[in-house]
Structure formats: C-alpha cells, structure tokens
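Residue numbers (the working numbering): 1 to 335. Using N, Cα and C, we set each Cβ at its ideal position, and we do this for glycine too. Each remark here refers to the structure printed beneath this line.
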C-alpha cells in the first residue's frame with residue numbers, strides 16, 4: 001500500500017479517536033473486509049516519508065519520554081523540538097535522554113510550571129503535540145492544542161470524570177471541524193494481531209457474540225516516598241497513579257485498554273453497568289485494590305470486567321469473547 005504521511009496520520013486518527021481444544025489458525029473462506037471499510041488504521045512498518053514533522057512533548061516523565069522516543073523512531077524526519085513539564089528535574093532527565101540520541105533540545109524550548117504547556121503550544125514550529133501528563137490535566141491540554149491548531153497524540157485515559165470527558169468530546173468536534181488529526185493511546189486498535197482477529201470476528205469466525213470477559217490483574221504499582229520540601233501538590237503529582245483525582249483509579253488508568261477492546265469487538269458501548277470494588281491491602285493514595293463490573297450490551301449480552309492491584313496473587317491481562325460458533329482471545333487465536 002502506498003500512502004502519504006498526511007493520509008497515514010488521518011487514517012490512524014480515525015481509529016484512535018473513536019471513543020477497543022486445538023486453536024484454529026486465523027483463516028476463512030469468506031471474503032475479508034479491508035481495513036479502510038472497517039474504519040481501521042493502516043498497518044505499516046513505519047511512518048511514510050513526507051515533510052518534516054516537529055513535535056512538542058507535554059509531560060516528560062517515563063511514559064511521555066517513552067512516547068516521544070516511539071515518535072522519533074517511527075520514521076524519517078520526525079523530531080521532538082520542545083518540552084513542557086511541571087518539574088524541572090523531569091525536563092532535565094528527558095533532555096539528557098534525547099541528547100543520547102544526538103537530538104539536543106534547546107533550553108529556550110523547555111517550559112516548566114502548570115502553564116508551561118501553553119508556552120509550548122504557542123510555538124509556531126510545533127506541528128504535533130504529545131500529551132502524556134497525568135490525565136486530570138488532559139482536557140485543558142487538549143483544548144489548548146486545538147486552539148493552537150496542533151495535531152495531537154494523547155495518552156489514555158483522556159479524562160478522569162464526566163466534566164473532563166465532555167470537554168474532550170467538545171474539543172474533539174472542534175479538532176475535526178478544522179481538519180486536525182487526533183490519536184489516542186488505546187494501542188490495541190493499532191496492533192496487527194488485534195486488527196486481524198477483529199476482521200475475522202467481523203467476518204463471522206465465532207458466530208454471534210454472546211458474552212465476554214476482560215481482566216487486568218497485577219501487583220501493586222510504584223509509589224514514591226515523600227521527600228523533604230515537597231508540598232502536598234508535588235507529592236501527589238509525583239505519585240499521580242496512586243490518587244484518583246489525578247488518574248481516575250486503575251480501572252481507568254490501565255483496565256481501560258481491555259474495556260476498550262470489548263467495546264470495539266462488540267461494535268457498541270454498554271447500555272448499563274453494575275459492579276463493586278474495595279480497598280483492603282493498599283497503603284498509598286486513595287485507590288481501590290480491585291473492581292468487578294458487569295457491563296450489559298443489550299439483547300442478553302454482557303461482559304464481566306475485573307481488575308486488581310494486590311501483591312502475591314495470580315496475575316493476568318487480556319480479553320475473551322464468546323460466540324455461538326467459537327471464541328477468541330482477541331489478540332491472535334480463535335478456537
């Protein structure tokens with residue numbers, strides 16, 4: 001497939017913004033629908049050649065730095081030229097990492113503080129912004145990007161509450177109206193194995209979907225001890241994935257990947273949900289240890305969705321969708 005850079009970004013954005021016995025090989029005698037007809041992104045080995053794209057990174061922690069490295073590694077003529085973060089030490093560490101790639105980022109393009117993102121997005125040379133701060137701040141950052149006519153990659157989740165979600169939807173409509181491309185970090189929708197399995201399921205490989213399971217069970221996540229001189233705000237932001245107001249709890253922060261996959265394969269969003277959660281072992285922040293949710297999709301079809309962060313338990317992450325003619329792990333196998 002020959003595809004120019006602009007069309008590649010646009011097609012990828014269409015998928016990203018949509019707010020995922022013996023095993024049989026993935027094959028079918030039926031005619032397979034192509035990616036474009038199913039609203040799926042093109043699967044390429046790298047970004048196509050084109051005019052140079054310059055990006056600014058907002059949120060220079062581990063995830064943001066990793067996303068920026070993914071960006072520059074995707075193809076030729078892709079650059080990170082500006083950084084913004086609340087903390088100077090995070091910017092310094094990110095600059096050092098890029099210097100190791102022989103990609104120095106000038107001091108005048110590095111901005112600290114809660115308003116640093118505005119200064120970055122005002123730079124005329126920035127074409128794309130990568131949003132990787134704690135998701136509490138994502139709606140404001142996304143709106144600012146759209147107002148400055150920037151294309152956007154933003155990590156999931158995109159907000160932590162209904163007010164934030166409504167803001168994201170409104171900004172997304174503005175972005176679409178002025179021709180901006182927006183991609184989110186629900187990466188399963190861009191993985192070749194998930195895409196090919198999805199196409200098989202859409203083509204009837206497991207018959208009519210009857211039920212599903214989704215799970216993200218793991219040990220407790222990282223946290224940082226409070227250091228001398230940190231006020232409450234700094235302590236919480238440096239431990240953002242331990243506080244619900246910043247991360248939305250781990251059902252949103254991590255389990256959103258699995259929930260998105262089920263919604264994607266179902267072809268719809270749940271009609272209602274009922275569930276529970278609890279906190280028993282965690283000694284940091286204010287998150288729950290576990291959640292168990294039943295999502296109902298109508299016509300007798302539901303998905304049991306669970307997530308847990310407790311040490312020394314059996315762990316596992318994935319999805320399972322059952323149909324009248326078989327079932328699949330959504331990733332690479334149909335039984």
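So, residue i versus residue j, is the Cβ gap smaller than 8 Å?
i           : j           : result
residue 251 : residue 291 : yes
residue 305 : residue 272 : no
residue 139 : residue 168 : yes
residue 275 : residue 293 : yes
residue 67  : residue 130 : yes
residue 201 : residue 174 : no
residue 213 : residue 303 : yes
residue 142 : residue 171 : yes
residue 260 : residue 188 : yes
residue 219 : residue 311 : yes
residue 313 : residue 265 : no
residue 126 : residue 55  : yes
residue 114 : residue 120 : no
residue 86  : residue 192 : no
residue 77  : residue 45  : no
residue 105 : residue 80  : yes
residue 321 : residue 209 : yes
residue 180 : residue 163 : no
residue 154 : residue 185 : yes
residue 50  : residue 90  : no
Assuming residue i contacts residue j under a Cβ cut-off of 8 Å, what Cβ separation, rounded to an integer in Å, is found between them?
i           : j           : result
residue 57  : residue 159 : Wrong, their Cβ atoms sit about 20 Å apart, outside the cutoff.
residue 242 : residue 309 : Not a contact, Cβ separation roughly 10 Å.
residue 326 : residue 205 : 7 Å
residue 216 : residue 317 : 5 Å
residue 197 : residue 328 : 6 Å
residue 157 : residue 253 : 6 Å
residue 148 : residue 178 : Wrong, their Cβ atoms sit about 11 Å apart, outside the cutoff.
residue 74  : residue 109 : Actually they do not touch by this definition, with Cβ atoms about 21 Å apart.
residue 207 : residue 323 : 4 Å
residue 96  : residue 118 : Between residue 118 and residue 96 the Cβ distance is about 25 Å, and since that is not below 8 Å, they are no contact.
Give the range of the beta strand (DSSP E) segment to which residue i is assigned.
i           : result
residue 58  : 53-58
residue 71  : It is not in any beta strand (DSSP E) - residue 71 instead sits in the alpha helix (DSSP H) that spans 62-73.
residue 214 : 209-218
residue 163 : Not the beta strand (DSSP E): residue 163 falls in the alpha helix (DSSP H), residues 162-177.
residue 323 : 316-323
residue 153 : 151-154
residue 130 : 128-131
Mapping DSSP to helix, strand and coil, what is residue i?
i           : result
residue 338 : This structure does not reach residue 338, given that the chain is present from 1 up to 335, and the question cannot be answered.
residue 367 : What is shown of the chain runs 1 to 335, which leaves residue 367 out entirely.
residue 331 : coil
residue 201 : helix
residue 108 : helix
residue 85  : strand
residue 79  : strand
residue 38  : helix
residue 26  : Interpretation of residue 26 is limited by its pLDDT of 35, a score under 50 that renders its predicted location unreliable; no figure is taken from the coordinates.
residue 326 : coil
residue 21  : Low confidence applies to residue 21: its pLDDT is 30, below 50, so where it sits in the model is not reliable, and the reading given next is rough at best. If DSSP states are grouped into helix, strand and coil, residue 21 belongs with coil.
What is the residue span of the alpha helix (DSSP H) that residue i lies within?
i           : result
residue 120 : 116-121
residue 141 : 138-147
Output the residue ranges of the alpha helix (DSSP H) runs that lie fully inside the segment 245-307 and measure 4 residues or longer, sorted by chain position.
250-253, 256-266
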